[in-house]
Each structure stands twice: as structure tokens, then as C-alpha cells.
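Okay, structure first, notes after.
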Amino acid sequence: VQNYLMAGEYPIRITDLWGCFTDISAFIPEIGQVTALFDTTELYNSQTDPFIAPAAVSFVNWSIDGDVYEWHFGDPNDTEISYDENPTHTYTEKGEYSVILIAWSKEGCVDTLLCKTTVIVTDAALLEVPNVFSPNEDNVNDYFQVKAKTLKSFHGVIVNRWGKKIYEWDTWEFEIDRKKQGWDGTIGGDGGPEAAPGVYYYIIDAIGEDNQGNEIPFTEKGALHLIRGKE
């Protein structure tokens, strides 16, 4: 009897009582060995290019013979551990993060892989403002929304031709918790009384940054046309 053989192929000779024999081979597989492997895929969010923080990074698990997984994302802003096989983690700041995957086999063997994934601001800040929208509840151009990325702060105000404030907001995101952001064409927003069709004016102050991390101030002022119906 032979115990604790290494994995591999072994020759075996079987001999009977009369000295006759036959040669065969036996293969012993690896039992319980696990290899931790993963890849990353940067995902797009609703209004920015990939690799722009905040960036949701999808981790694709290529581990061999794994059964249980533990992920550490190396994010000082979010130290939560994931036990999903293929998790997604959102990095809210640019930088380089050391990600650790620990994989266990059903037999309790363990392997660990450390890899670095990079979330980089690749472009300078961007702020573009439209000059017309049509809040007709047809899901086409119903909100006055800016196109922006890599902003650190944002503040916008809509006034009428007499300078009276109609709407004010502090986020440049298109959507938060499945709720559209920006001006919906009502006085005060949030479904208040409808603002009359016509010309309004926006004042927007924002701070972004370039790809070296230097701050870029933005001040945008201009006319905005609110259109309803077939105007």
C-alpha cells in the first residue's frame, strides 16, 4: 500500500501467484488544489467615459476549482468585503488600488492573488450646457441637464427675464436612484406649477480638474428656451 503519492501518472505492475504479470498505469489527479485568477472590466456610467471616477469596476473571476471567494478592493473609502463570485465595486476617487482575491476549494485548500487596478481621470473636466428643452412628458429632452464629467462641485440657478429665481440645483448627474436630475420645467422643480414657455436664463458655477489634478473653475451664463407643445 502506498500513501500520499503526488499527483501524476504512475506505472503499475500486477503479478499473479504463477509469476505472470501485466503492466498498467494509474493517474492520480490533484485533489483540492485551487488557483485564484481574475480580470477587470471598467463599466460605463450614464454620463461619463470609462476610467473616470466614480467608476464601477466589474471583476471577472477566472479562478480554477474555486468554491468560496473573498474580495478585498483596497478602497480606503469603502472597506466592505465581497463574497460574490463576480462582484462590482465603485471607486469614487481616481487612483491605483490593490485588489486581493482569496479562493478556497471544496477541500479547504486556499490560494491568494493580488492585482492592481487603476481608475484614472484621462480627460480634463467638461461642462456643456444646452439652450433648449421641451418638458412634454414624452421622454425626449424633458429635462434641462448639463453634460459634465470630472467635476468636484456644481451649482446652477434658473431665473426668468425679471431675475426671479425659478429653480436651483446642486448635482450634474443625469440620474440618482432612478430619478432624473435637472430642471423639469416646473417652478421650484419636483412637479410644481408649470413654468410658462419662453426664454429663461441659467447661471452655473462649477469646479472641475484636469488630468494632473489641478482645479478648473467654470462659470456659464446664457439663455435657455423652454418649449411646450408644438411651439
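Residue numbers for the sequence shown, in this note's numbering: 10 to 240. Beta carbons: idealized from backbone N, C-alpha and C, even for Gly.
At least three beta-carbon pairs within less than 8 Å, the segment 109 to 128 to the segment 64 to 79: yes
Endpoints, beta strand (DSSP E) assigned at Arg237: Element bounds for Arg237: n/a, residue is neither H nor E.
For Asn145, the first and last residue of its enclosing beta strand (DSSP E): Looking at the DSSP string, Asn145 is not in any beta strand (DSSP E), and its letter there is neither H nor E.
Which residue wins for smallest C-alpha separation from Gly194, given the options Ala215, Asp219, Val166 and Glu218? Val166
Taking Cβ positions, are Ile196 and Ile175 nearer each other than 7 Å? yes
Which one or two residues does DSSP pair with Val208 in a beta bridge? His234
Could you tell me which residues DSSP puts in a beta bridge with Asn70? Phe47
Taking Cβ to Cβ, would you say Gln42 is nearer than 7 Å to Cys118? yes
Out of Thr101, Ile73 and Asn70, point me to the one whose CA is closest to Gly83's CA. Thr101
Pro20: which of Phe30, Tyr210, Ser34 and Arg237 sits nearest, CA to CA? Ser34
May I have the straight-line CA-CA distance separating Trp192 from Asn140, to the nearest angstrom? 13 Å
How long is the line joining the alpha carbons of Phe47 and Ser143, rounded to whole angstroms? 46 Å
Below 6 Å CB to CB, which residues in the same chain sit around Glu177 once its five sequence neighbours on both sides are set aside? Val166
Can you tell me whether Gly17 is helix, strand or coil according to DSSP? strand
Ala205 burial status per 10 Å Cβ neighbour count (16 or more: buried): exposed
I'd like to confirm the pairing. Which residues does DSSP put opposite Pro226 in its beta bridges? Ile216
Closest by CA to Ala64, which one among Ile73, Asp87 and His98? His98
Span separating the alpha-carbon of Tyr211 from that of Ser72: 53 Å
Going by C-alpha to C-alpha distance, which of Asp179, Asn223 and Tyr152 sits closest to Arg237? Tyr152
Can you list the beta strand (DSSP E) stretches of 3 or more residues lying completely in the segment 73 to 102, in chain order? 77 to 81 and 97 to 100
Can you give me the C-alpha to C-alpha distance between Glu229 and Asn70, rounded to a whole angstrom? 45 Å
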